[in-house]
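Heads up: the sequence lines are chains S and A, in that order. The numbering used here puts the first residue of the first sequence at 1, with every later residue one more than the last. The numbering used here puts the first residue of the second sequence at 1001, with every later residue one more than the last. Data first, discussion second: the structure below is written as structure tokens.
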Amino acid sequence: MARFLMRRLVLFILALMGISLLIFLALRILPGDVAAVMAGLDAPPERVDRLRRQMGLDRSYPRQYLDWISGFLQGDLGRSILTNRSIASQVGIRAQITFPLILLGLGMALLLGIPLGCAAALARSPRMQSFSHMAAIVGGSVPALWSGLLLIMLFAKGSGLIGLLPSQGFPALGWAQPGQALAALILPALSTGIIVGAGIMRYTRSLLGDMLSSGYVDMGMACGMTRTQAALRIGLRLASPQLVSVIGLTMAEMVTGVMVSENLFALPGLGSMLVTDVGNRDLPAVQSELLLLAAFFLFLGLLVDVVHRLIDPRFRGVARQEVAD
Amino acid sequence: MSWEHTDRPRLGLKAAFPGRLGFLGRMRVVLVSMWCKASGRYSLIVLAIWILVSLVSRFWTPVPIWTTDGYRIWQAPSRTHLLGTDGTGADILSWLMAGSATNLVISLLAVILSGVLGLLLVMAMVSRSSGVSQTVVVLVDALISLPTVLLALILAVPLGPSIAVVVVACGFGYGLNLARIVRPQALLAAESDYVQSARHSGVGSFRIFCTHLVPNIIPVLCVQLSMSAGTSVLAEAGLTYLGVGVPSGLPSWGHSLTTSVKFINVFPLTVLWPGLVVTMVVVALNLFGDALRDAIDPVTNPRFRVAVAASGRSALQSERQTPSAQSDDSGHHVENAIHTGEGGR
Chain S
1 MARFLMRRLV LFILALMGIS LLIFLALRIL PGDVAAVMAG LDAPPERVDR
51 LRRQMGLDRS YPRQYLDWIS GFLQGDLGRS ILTNRSIASQ VGIRAQITFP
101 LILLGLGMAL LLGIPLGCAA ALARSPRMQS FSHMAAIVGG SVPALWSGLL
151 LIMLFAKGSG LIGLLPSQGF PALGWAQPGQ ALAALILPAL STGIIVGAGI
201 MRYTRSLLGD MLSSGYVDMG MACGMTRTQA ALRIGLRLAS PQLVSVIGLT
251 MAEMVTGVMV SENLFALPGL GSMLVTDVGN RDLPAVQSEL LLLAAFFLFL
301 GLLVDVVHRL IDPRFRGVAR QEVAD
Chain A
1001 MSWEHTDRPR LGLKAAFPGR LGFLGRMRVV LVSMWCKASG RYSLIVLAIW
1051 ILVSLVSRFW TPVPIWTTDG YRIWQAPSRT HLLGTDGTGA DILSWLMAGS
1101 ATNLVISLLA VILSGVLGLL LVMAMVSRSS GVSQTVVVLV DALISLPTVL
1151 LALILAVPLG PSIAVVVVAC GFGYGLNLAR IVRPQALLAA ESDYVQSARH
1201 SGVGSFRIFC THLVPNIIPV LCVQLSMSAG TSVLAEAGLT YLGVGVPSGL
1251 PSWGHSLTTS VKFINVFPLT VLWPGLVVTM VVVALNLFGD ALRDAIDPVT
1301 NPRFRVAVAA SGRSALQSER QTPSAQSDDS GHHVENAIHT GEGGR
């Protein structure tokens, strides 16, 4: 385990360095002079020079890269070109919307996906089986934008058919009003949760189906459990390591949906901030935010691998890496 | 290659298996078996319509897409505008038709890119040198958690919104995914006896990969690649909405979805169509992969045995009518091939 952790950690750092280089280079290929744009159309050359020095753009590329990374590691994400506000504080405020949204979406996906997947795997009648198969496929094929729009048309307060929930914006006081804040997040979370939940349902169904045809469930039934009991207690538990890694991956894929629904539901989160900054070509903001998000997801991948290892008993006390794959 | 150790001359594939189906024959069997299942039939029909419409839209759309009419915005479906018009007075159906070509190109390119990348990674993963294979495995594990949209955003800053951003981001992400999913199958095949024997008779590793490993992973490949095509359609819609996908002048389904978003409460119908089209196509692509996997496997698809047996029988008959070059020996081979149903592979 320790050796695996070490190797995985080294790789995490290497991957992060690679990504940071990629981000840095991608933003430097950008044609045009950022300082000249910022200074304005008829700015005197001295002013442009001063700005360039101020932003560190006159230094060599390796030097700029090192400055950026060392600042990043110390928690200084730089300042936005447009607003001149500290990016770190902005990210701090906006993360309070995005991360709860991701968690809520994932929670809904799990609540939808795992029970339905189990039910689909346990269903005996062919009609039920094909219906659940189709439900999983259709649910996973709806664009997040469209499901969000349909949810707005159905449930939005004021305009929807069943006006229940707010569909635009986030309460000004934020989490000081927990009820309203949560209500504002339900529809966006649902719109991202449906598509991810359908994916999880599909995987649960196929994993549990494999387990049902393995001997373990038969063994449980021979010991006196019913088929359902055996499948849920033994099969689901045996499938859980793979399920965890699948869920980790789908969580990464959820981000597209989260960004779309942040924009659609007018939530001032990290995703909408990033999209605005990319549109504005706000260089320092974009590079720090991208690296931050990349670091988050790479770390998530690391975490999922470690959890996978921890809950799979076949890895316990085994020194070699390739055992059960 | 030398065949001195066998006393009989080596038979060509056609001579050894007179019932062997050619490429067209196999395609026919695959298509027929897909058509006979409801899900396969649906996916074939939808995909055929998709391709046909994309081709037609290059030359003809009901209304030219750049024709806008300021007096006829947000029109309900009518005789001239079958699906109505959008906020600029452009015909929604025409834009959807024109968009299908863009989406087809994006999906095809993304699938090709991810297939090539995935196969290269798998080749490295099953490589004999454990240094290479372990490095690639761990590298894929580390990079796979990077979301497609982040990659697209990184690329979109220097390139601006373009088709290339969508294709590269999707192709890269799905390629990694493909490699990770295919790897167990490929490893299993790489350790099999026939690969060992091929290796010991001096066949190079690239050739082993192409002739022995790829056929083994084709079922998984079918499912994954067609799912990737579906996901790339979804990704295109999302990325275009975020402003980093297809540029705004180019018709695409994501573009059609995006233009009408702001007015859903007033004109819900305009949003319905593009979403419906995207959902139907993505469902078709998902079903297509499963159906193709079931149809393409010569061991589990019974139609292959029937077809091979029939073609072998007719080959044998024609052989009996003209008894000349073939020896009795190859006839024996044929009986075996038909009997075990191996001839179709």
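Positions of the beta carbon are idealized from the N, C-alpha and C atoms, including for glycine.
For ILE23/S, which residues in the same chain have their Cβ closer than 7 Å to its Cβ, ignoring the five residues on either side in sequence? Translated into positions along the first sequence, residue 23/S becomes position 23. The answer, listed in chain order, is GLN287, LEU290 and LEU291.
Within the same chain, show all residues whose beta-carbon is closer than 6 Å to that of VAL1030/A, passing over the 5 residues directly before and after it, in chain order. Counted from its first residue, the second sequence places residue 1030/A at position 30. Closer than 6 Å at Cβ, skipping near neighbours: ALA1295 and ILE1296.
For the alpha helix (DSSP H) containing GLY1175/A, list its first residue and its last residue. As a working note, residue 1175/A is residue 175 in the second sequence. Taken as a continuous stretch (DSSP letters only), the alpha helix (DSSP H) holding GLY1175/A covers 1163–1190.
Would you say GLY270/S and ARG53/S are within 8 Å of each other, going by their C-beta atoms? On the first sequence, residue 270/S is found 270 positions in, with the first residue counted as 1. On the first sequence, residue 53/S is found 53 positions in, with the first residue counted as 1. The residue you asked about is not Gly; residue 270/S is Leu in the sequence shown. It is not a contact, given that the beta carbons lie outside the stated cut-off.
Starting from VAL1281/A and walking both ways along the alpha helix (DSSP H), at which residues does that stretch end? Against the second sequence, residue 1281/A aligns to sequence position 281. That run of the alpha helix (DSSP H) goes 1268–1296.
DSSP state of THR1135/A mapped onto helix, strand, coil: By one-based count along the second sequence, residue 1135/A stands at place 135. Note: THR1135/A maps to helix in three-state DSSP.
What's the call for PHE1017/A, buried or exposed, on a 16-neighbour Cβ count within 10 Å? Against the second sequence, residue 1017/A aligns to sequence position 17. Flag for PHE1017/A reads buried.
Could you tell me whether the stretch 1233–1251 of chain A touches the stretch 137–144 of chain S, where touching means 3 or more Cβ pairs closer than 8 Å? yes
Is the separation between the beta-carbon of VAL1111/A and that of ALA1229/A shorter than 8 Å? As a first step, residue 1111/A is located in the second sequence; it is residue number 111 there, counting from the start. As a first step, residue 1229/A is located in the second sequence; it is residue number 229 there, counting from the start. Cβ atoms of VAL1111/A and ALA1229/A: closer than 8 Å.
Which residues of chain S have a Cβ atom closer than 7 Å to the Cβ of GLY1153/A, listed in chain order? The count along the second sequence starts at 1 and reaches residue 1153/A at position 153. Note that residue 1153/A is Leu in the sequence shown, not Gly. Neighbours of LEU1153/A on chain S, chain order: LEU274, VAL278 and LEU290.
C-beta neighbour in chain A for LEU243/S, strict 8 Å: Position 243 of the first sequence, counting from 1, holds the residue named residue 243/S. Not one chain A Cβ lies under 8 Å of LEU243/S.
Would you kindly work out how many angstroms separate the C-alpha atoms of PRO63/S and ILE69/S, rounded to a whole number? Position 63 of the first sequence, counting from 1, holds the residue named residue 63/S. Position 69 of the first sequence, counting from 1, holds the residue named residue 69/S. A quick correction: the sequence has Arg, not Pro, at residue 63/S. Computed Cα separation, rounded: 10 Å.
Find the nearest neighbour of CYS1222/A within the set VAL1132/A, ARG1303/A, ASP1290/A and THR1088/A, judged by alpha-carbon distance. For the purposes of this step, residue 1222/A is taken as residue 222 along the second sequence, with counting starting at 1. Among VAL1132/A, ARG1303/A, ASP1290/A and THR1088/A, the Cα nearest to that of CYS1222/A belongs to ASP1290/A.
Suppose you measure from the CA of GLY193/S to the CA of VAL307/S; what does that come to, to the nearest Å? Taking the first sequence and counting its residues from 1, the one referred to as residue 193/S is at position 193. Taking the first sequence and counting its residues from 1, the one referred to as residue 307/S is at position 307. Spanning the two alpha carbons is a distance of roughly 22 Å.
Note down the Cα distance separating SER1145/A from ALA1179/A, rounded to an integer number of angstroms. Here residue 1145/A corresponds to residue number 145 of the second sequence, with the count starting at 1. Here residue 1179/A corresponds to residue number 179 of the second sequence, with the count starting at 1. Near 14 Å, if we compare the C-alpha coordinates of ALA1179/A and SER1145/A.
Simplified DSSP state of LEU25/S, which is helix, strand or coil: Translated into positions along the first sequence, residue 25/S becomes position 25. Looking at LEU25/S - three-state DSSP - the assignment turns out to be helix.
For the stretch 1278–1309 of chain A, which residues have a CB atom closer than 7 Å to at least one CB atom of chain S, in sequence order? VAL1278, THR1279, VAL1282, VAL1283, ASN1286 and LEU1287
The alpha helix (DSSP H) enclosing TRP175/S, as first and last residue numbers: Counting from one through the first sequence, the residue named residue 175/S turns up at place 175. It is not in any alpha helix (DSSP H) - TRP175/S carries neither H nor E in the DSSP assignment.
Measure the Cβ-Cβ separation of ALA231/S and LEU208/S and say whether it is below 8 Å. To locate residue 231/S, count along the first sequence from 1; it is residue 231. To locate residue 208/S, count along the first sequence from 1; it is residue 208. Yes; because the gap between Cβ atoms is below 8 Å, this pair is in contact.
Between VAL1271/A and GLY1019/A, what straight-line distance do the alpha-carbon atoms span, to the nearest angstrom? Numbered from 1 along the second sequence, position 271 holds the residue referred to as residue 1271/A. Numbered from 1 along the second sequence, position 19 holds the residue referred to as residue 1019/A. Going from the Cα of VAL1271/A to the Cα of GLY1019/A covers about 53 Å.
Three-state class that DSSP yields for ASP1091/A in the structure shown: On the second sequence, position 91 is the one that residue 1091/A refers to. DSSP places ASP1091/A in strand when its eight states are reduced to three.
Please confirm if ASN263/S has its CB atom under 8 Å from at least one CB of chain A. For the purposes of this step, residue 263/S is identified with residue 263 of the first sequence, where counting begins at 1. Yes, its Cβ sits closer than 8 Å to a Cβ of chain A.
Examine chain S for any beta-carbon lying closer than 8 Å to the beta-carbon of ALA1189/A, and answer yes or no. Working through the second sequence from its first residue, we reach residue 1189/A at position 189. Taking Cβ atoms only, chain S never reaches closer than 8 Å to ALA1189/A, which makes this a no.
Under 7 Å Cβ-Cβ, which residues of chain A neighbour TRP295/S? Walking along the first sequence from the start, residue 295/S turns up at place 295. Contrary to the premise, residue 295/S reads as Ala rather than Trp in this sequence. Per Cβ cutoff of 7 Å: no residues; ALA295/S is ~10 Å from chain A at best.
Quick one, are the C-beta atoms of LEU1257/A and GLY1245/A less than 8 Å apart? As a position in the second sequence, residue 1257/A is number 257, starting the count at 1. As a position in the second sequence, residue 1245/A is number 245, starting the count at 1. Cβ distance not < 8 Å, so LEU1257/A and GLY1245/A don't count as in contact.
Which runs of the alpha helix (DSSP H) fall wholly inside the stretch 227–273 of chain S and span at least 4 residues, in chain order? 227–230 and 236–264
With 16 other Cβ atoms within 10 Å as the buried cut-off, status of ALA156/S: Taking the first sequence and counting its residues from 1, the one referred to as residue 156/S is at position 156. Per the 10 Å Cβ criterion, buried.
Quick check on GLY1204/A: buried or exposed, where buried means 16 or more other Cβ atoms within 10 Å of its Cβ? Taking the second sequence and counting its residues from 1, the one referred to as residue 1204/A is at position 204. Under this definition GLY1204/A is an exposed residue.
Does the beta-carbon of VAL10/S, which I'm using as the reference point, lie nearer than 7 Å to any heavy atom of the ligand NAD? This structure lacks the ligand NAD; in fact it carries no ligand of any kind.
If we define contact as Cβ-Cβ less than 8 Å, is ILE137/S a contact residue for chain A? In the first sequence, residue 137/S corresponds to position 137, counting from 1. Closer than 8 Å to some Cβ of chain A, the Cβ of ILE137/S qualifies, so yes.
If you count every other CB in all the chains shown that lies within 10 Å of the CB of CYS1036/A, and 16 or more means buried, which is it? The residue you call residue 1036/A lines up with position 36 of the second sequence. So CYS1036/A counts as exposed.
Expected contact under 8 Å - CB spacing of LEU1287/A and TYR1071/A to nearest Å: Translated into the one-based positions of the second sequence, residue 1287/A becomes position 287. Translated into the one-based positions of the second sequence, residue 1071/A becomes position 71. 43 Å between Cβ atoms; not a contact.
SER86/S by DSSP, collapsed to three states: which one? One-based indexing of the first sequence puts residue 86/S at position 86. It is a strand residue.
For chain A, is any of its Cβ atoms less than 8 Å away from the one on ALA15/S? Stepping through the first sequence from its first residue, residue 15/S is reached at position 15. By this cut-off, ALA15/S is an interface position.
Under the three-state reduction of DSSP, which class applies to ARG79/S: helix, strand or coil? Sequence index remark: in the first sequence, residue 79/S carries index 79 (1-based). ARG79/S falls in the strand class under three-state DSSP.
Which residues, in chain order, does the stretch 66–80 of chain S contribute to contact with chain A at a C-beta distance below 7 Å? none
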